[in-house]
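Numbering (the numbering used here), first residue to last: -9 to 215. Glycine included, each C-beta is placed from N, C-alpha and C at the ideal position.
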Amino acid sequence: MSRRAFVAGMISIPAGAGAAPLINLTSGKGLFSQAYAVPKLSSGGGVLNLYGREVDLTEAELAPNLSRGSGPYLAQPLRLSLLNINTDERMQLDVPASFEFGWVQQRQLNQFLRDWRYDKVKKIDPIVLHDLAKICAAFKDPSQSLDVQITSGYRTQETNDMLRRQSRQVAQNSLHIQGKAIDFSLPGVSNRVLASKTREICGGGVGSYSTFVHIDSGAARQWSA
């Protein structure tokens, strides 16, 4: 190949062809995946360090695994403003159109929904996160945002045993221990209305309580307490 032909060939290559990486290291998504903003987790106005301590979770464990199917897609973006009522931590979560969270978001949700009493983190089942996102989408306001209050996520066995001593409503083998349950409420939405819509959407367990609604990725069942 002549020098002139080589130079001409180089000029014909689009300027941005090599600029974008195949993997977005910030979001964990591929180049052609749907983009979304990485949520921030804060407490008292500061940003929590999600990676400051060792957590026994591999990237394979963090990856979504939705055995119940993807279901409907979001027509418009949805942002959830999560509040952990026990720790006053807040997290802005941009929900992908598919309701399936990337591994970066999954890791941040694991941290946010940890057992705060013992500061222990466990992978939260992507199925229950998927259901939570779909339920919230049913109540989004015109700005495509929603406030969500989290009462309980993952619980260690020690926490669950302590709660059982305080209340008969806590199951001995609660799915919270496995990271497969979330208790939540939506400010401005009555628990009766929230529970009714949740029963239509959630494929697992749905429990209605006085101050929150319980969802889990176990067998389909319903109860009120």
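Using CA atoms only, rank isn't needed, just tell me which of the options is closest to residue i.
i, options, result
"G92", "L103, P116, R69 and P132", "P116"
"Q82", "Q134, R154 and A128", "Q134"
"S88", "N100, A127 and L99", "A127"
"A65", "S214, D78, R80 and V85", "V85"
"D214", "S198, I205, D206 and S207", "Here the sequence assigns Ser to residue 214, which means Asp is not the residue at that position. Comparing Cα-Cα distances from S214 to each of S198, I205, D206 and S207, the minimum goes to S198."
"A161", "A185, L176, R145 and C192", "R145"
"N150", "F174, R107 and K124", "R107"
"N163", "C192, K110, D206 and V111", "D206"
CA-CA distance, residue i and residue j?
i, j, result
"T188", "K130", "14 angstroms"
"R104", "V203", "18 angstroms"
"V179", "E148", "32 angstroms"
"M152", "I167", "13 angstroms"
"R97", "V196", "25 angstroms"
"G143", "K170", "8 angstroms"
"A209", "V118", "12 angstroms"
"L165", "G194", "11 angstroms"
"K113", "Q95", "12 angstroms"
"L122", "L99", "12 angstroms"
"P132", "P67", "11 angstroms"
"Y63", "V183", "23 angstroms"
"I125", "Q101", "21 angstroms"
"A172", "R158", "Per the sequence shown, residue 172 should be read as Ile rather than Ala. Taking the straight line joining both Cα atoms gives about 18 angstroms."
"D109", "Q156", "21 angstroms"
"T201", "S175", "7 angstroms"
"E190", "Q212", "11 angstroms"
"L70", "P177", "12 angstroms"
"D78", "V111", "17 angstroms"
"S186", "H120", "18 angstroms"
"N216", "E90", "Lying outside -9 to 215, the shown extent of the chain, residue 216 is not represented and no answer is given."
"R80", "R154", "27 angstroms"
Checking the sheet assignment: what are the DSSP bridge partners for residue i?
i, result
"K110", "D105"
"W93", "Looking at the DSSP assignment, W93 forms no beta bridge with any residue, so it has no partner."
"I140", "N74 and F174"
"H204", "D173 and G197"
"S214", "S198"
"Q82", "S71"
"L157", "Reading off the sequence, residue 157 comes out as Ser, not Leu. Beta-bridge pairing links S157 to no other residue."
"S133", "BP columns for S133 are empty, so no partner."
The stretch 130 to 148 / the stretch 73 to 80 touching (three or more Cβ pairs under 8 angstroms) = yes
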